[in-house]
Amino acid sequence: MEPMTQQTETTSQPSPESRLSRLYRLAVVGLGLLCVLLLIAITVLWIQFNNLNLQRDQLQSSNTNLMMERDQLQTSNSNLMKERDQLQTSNSNLMKERDQLQTSNTNLMKERDQLQTSNTNLMKERDQLQTSNTNLMKERDQLKSMRQCWEFFDTSAYYISTDKKTWSESRDDCEDNGGDLVIINSKEEQEYLARKIGSKYTWIGLTDSERENQWKWVDGSALITAYWGQGQPDNLNEEDCAHVGYQENFSNKTWNDLSCSFRLQNCMFMAYHSFMDGISQAEFPPEALPILKSTDVLHLAE
Ligand code: CA
Ligand code: CA
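With this note's numbering as the guide, the letters of the sequence shown map in order to residues 380 to 681.
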């Protein structure tokens, strides 16, 4: 039994070579494992390195892009600022322009109002002128027709009004027409008027209203030759104005004194040359003046 024991002991206790070989193998395996680990580590590192390179490139590219983008944004920002400044300037100009337009508009509205007022006034003026023109035309027609009614004796023109007025109103009427109440200063003139007027009571330019019984003509001259009717002047009930046509027998004594407030027709007279002032020959030709002196007619024809 002993050999077996020895053999077992020989088997259970390896030899040094075997141990060495084993160690060697272990070392080889360890080295192999270490190599593998190193290879893995190198691979991992290489991959990471590549990734990092890639990331760096990407970052560089991204950085470049960002810088470009920043430059573009700076340019864009600069442009926007310029544009903003231009817009501010433009806005300021537009506001000025608006203010000017508002001022101009206000002025135009004032001007329009003034023109409307002026237009209204002009229309009123036109209407007044039209009315005035219409009245003047009526007056002209009246004057024309009145001129046809004038008669002439010696160097005077006579017109017997048909309106009945007081002595003062009659005198005003005569003066408005450029004449006056008639002054009778010759027998021939008295006879002419007595024939012409007949028995119609007609004011003449004689009054004693300033002092009783001191009769004066309207030109201030004193009465020299009178043609009072019978019993006149009698100053009955304060009679201070003279009229003709008192007696119906057509004698030459046709005057009477009467209250000046009575309303009578009147006899207006005017010097011939005054009557002819402003009247055209066509309007009143010489042949229409049969009683005029020949010298006066010749004067008119010149
Ligand atoms: Ca009297
Ligand atoms: Ca009388």
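Glycine residues also receive a C-beta, built at the ideal position from the N, C-alpha and C atoms.
query: If you follow the alpha helix (DSSP H) that Ala573 is in, where does it begin and where does it stop?; result: Lys566 to Ile576
query: Could you tell me the alpha carbon to alpha carbon distance between Ser497 and Gln593, rounded to whole angstroms?; result: 59 Å
query: Beta carbon of Asn645: closer than 7 Å to some heavy atom of ligand 2?; result: no
query: For Asp613, verify whether its CB is less than 7 Å away from any heavy atom of ligand 2.; result: yes
query: Taking the beta carbon of Pro612 as the centre, do at least 16 other beta carbons fall within 10 Å, making it buried, or is it exposed?; result: buried
query: Do Cys639 and Ser600 count as a contact pair if the criterion is CB distance below 8 Å?; result: no
query: Could you please give me the residues that DSSP links to Val623 through a beta bridge?; result: Thr581
query: With respect to 7 Å, is the separation between the Cβ of Asn592 and the closest non-hydrogen atom of ligand 1 below this value?; result: yes
query: Count the C-beta pairs between the region 552–565 and the region 632–648 that are closer than 8 Å, then say yes if the count reaches three, no if not.; result: yes
query: Would you call the region 616–623 and the region 510–523 in contact, with 3 or more CB pairs under 8 Å?; result: no
query: Any heavy atom of ligand 1 closer than 7 Å to the Cβ of Glu570?; result: no
query: Once the 5 residues before and after Thr586 are set aside, which same chain residues still bring their CB inside 6 Å of it?; result: Asp619 and Cys620
query: Would you list the one or two residues that DSSP bridges to Thr586?; result: Lys595 and Cys620
query: Among residues of its own chain, excluding the 5 on either side of Ile603, which ones have a beta-carbon nearer than 6 Å to its beta-carbon?; result: none
query: Report the CB separation of Glu548 from Tyr537 in whole angstroms; it is logged as a contact under 8 Å.; result: Not confirmed; about 19 Å, so no contact.
query: If you measure between the beta carbons of Ile539 and Ile576, is that distance less than 8 Å?; result: yes
query: Can you tell me where the beta strand (DSSP E) holding Ser535 begins and where it ends?; result: Ser535 to Ile539
query: What's the C-alpha gap between Ile583 and Lys544?; result: 12 Å
query: Taking just the CA atoms, how far does Asn458 sit from Thr443?; result: 22 Å
query: In terms of residues, what are the limits of the alpha helix (DSSP H) holding Cys553?; result: Trp546 to Asp555
query: When DSSP labels each residue in this structure, what does Leu560 get in the three-state scheme?; result: strand
query: Is the CB-CB distance between Tyr625 and Gly608 below 8 Å?; result: yes
query: Assuming contact is defined by CB atoms lying nearer than 8 Å, are Leu637 and Val597 in contact in what I supplied?; result: no
query: Looking at the structure shown, is Asp636 part of a helix, part of a strand, or coil, going by DSSP?; result: strand
query: Compute every distance between the C-beta of Glu504 and the non-hydrogen atoms of ligand 1, then say whether any falls below 7 Å.; result: no
query: Specify, as a first and last residue, the run of the beta strand (DSSP E) that Gln609 falls within.; result: Gln609 -> no beta strand (DSSP E), and no H or E assigned at all.
query: Verify the contact flag: Glu589, CB atom, against every heavy atom of ligand 1, threshold strictly below 7 Å.; result: no
query: Do Glu570 and Asn635 come within 8 Å of each other at the CB atom, strictly closer than that value?; result: no
query: Classify Thr513: buried if its beta carbon has 16 or more other beta carbons within 10 angstroms, exposed otherwise.; result: exposed
query: Can you say whether Ala572 is buried or exposed, counting buried as having 16 or more other CB atoms within 10 angstroms of its CB?; result: Just to set this straight, residue 572 is Leu in the shown sequence, not Ala. That one is buried.
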